[in-house]
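Participant: In this note's numbering, the protein residues as written are 25 to 314. The C-beta atom is built at its ideal place from N, Cα and C for all residues, glycine as well. The model shown is predicted, which means the values in this text are computed figures rather than measured ones. Once you've had a glance at the structure underneath, I'll fire off some questions.
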């Protein structure tokens, strides 16, 4: 089995396959040999699990997952990489590489076809440029998965895992908290990669909730997320002004709704707790309000 965290091995693969890194695809490959074993262990890969990996690169994390899990499906957008992966993963018969865009894949169908009878996990070193869209696709589609364990840019990790009511919280933070219980597991410094990016990274785990943490009281999830996005749409403004602009509602009725939900009219979105977002959604869109 090739030691894919070894820089000489990486350079040899680059030369042999005529491969050049793509900045557009956010390609930085791990050369710290301790990171991927920690990720594979943390995600819970085992004999009764199937793992979806997004963006396998040269397969350094894929090898660790395949050595633990029953089956791994690696989804790779770059059409140059399946040939490289065929070489680096030659020792494993439990890996399938799909050369597609994860944002366009039928993941429910993939899970039914490839992971029947298995607990399904996601474990990936996500490209920085598409971190939030991939995470939200995996959450919003309500896939039958147990958790997501992913490496992302450190700044994104802090934002994604921020609790509502904290300064770092944003619309993505609230959405993630609605679907999952997030936590930062460990940091990964920039010199762990080749070529080295300009930022540090972190590994986070999102444990999928069985039920949402709040009751929407007759409102729809679409209404809840529309309200959340409007609230954070103009972060420097009060939630009253941001909602008035984002939802095209008059301030008088919004002020009344905020008071009913127990929210100060001069509060900003990042100051609201998840329970307050839920209360405001019920007030604005609940069955009593049509």
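Evaluate residue 314 with the Cβ neighbour count: other Cβ atoms within 10 Å of its Cβ, from every protein chain shown; 16 or more gives buried, anything less gives exposed.
Facilitator: Caution is warranted here: a pLDDT of 43 is assigned to residue 314, below 50, making its placement in the model unreliable, and no coordinate value can be reported.
Participant: What does the alpha-carbon distance come out to for the pair residue 312 and residue 202?
Facilitator: Unreliable positioning characterises residue 312 in this predicted model, as indicated by a pLDDT of 48, which lies under 50. The coordinate reading is nonetheless provided below. Roughly 23 Å between the two C-alpha positions.
Participant: Any contact between the segment 225-237 and the segment 262-275? By contact I mean 3 or more CB pairs, one from each, below 8 Å.
Facilitator: no
Participant: Just curious, the beta strand (DSSP E) that residue 171 is in, first and last residue?
Facilitator: 171-177
Participant: Quick one: residues in its chain with C-beta nearer than 7 Å to the C-beta of residue 281, no 5 flanking neighbours on either side, listed in chain order?
Facilitator: 304, 307 and 308
Participant: Should residue 144 go down as buried or exposed, given a rule of 16 or more other Cβ atoms within 10 Å for buried?
Facilitator: buried
Participant: From the DSSP secondary-structure annotation, give me the bridge partner or partners of residue 74.
Facilitator: Beta-bridge partners assigned by DSSP to residue 74: 95 and 144.
Participant: Compute the Euclidean distance between the alpha carbons of residue 223 and residue 295, then round it to the nearest angstrom.
Facilitator: 28 Å
Participant: Going by DSSP, what residue range makes up the beta strand (DSSP E) through residue 120?
Facilitator: 119-122
Participant: DSSP beta-bridge partners for residue 231?
Facilitator: 171 and 205
Participant: Three or more beta-carbon pairs under 8 Å between the segment 70-83 and the segment 94-110, yes or no?
Facilitator: yes
Participant: Let's see if you can read the secondary structure: which residues bound the alpha helix (DSSP H) around residue 194?
Facilitator: Run containing residue 194: none; DSSP gives neither H nor E here.
Participant: Which one of 199, 104 and 161 has the shortest CA to CA distance from residue 250?
Facilitator: 199
Participant: For residue 290, count neighbouring C-beta atoms within 10 Å of its own C-beta (all shown protein chains included) and say buried if the count is 16 or more, exposed if not.
Facilitator: exposed
Participant: What's the C-alpha gap between residue 190 and residue 121?
Facilitator: Approximately 40 Å between the Cα atoms of the pair.
Participant: Taking Cβ positions, are residue 310 and residue 257 nearer each other than 9 Å?
Facilitator: no
Participant: What is the DSSP secondary structure of residue 222, reduced to helix, strand or coil?
Facilitator: coil
Participant: Who does residue 158 pair with in a DSSP beta bridge?
Facilitator: None; residue 158 has no bridge partner.
Participant: Is residue 52 buried or exposed, if buried means 16 or more other CB atoms sit within 10 Å of its CB?
Facilitator: buried
Participant: Return the CA-CA distance between residue 206 and residue 39, expressed in angstroms with no decimal places.
Facilitator: 39 Å
Participant: Check this for me: beta carbons of residue 212 and residue 227, under 9 Å apart or not?
Facilitator: yes
Participant: For residue 138, name the three-state secondary structure that DSSP assigns.
Facilitator: helix
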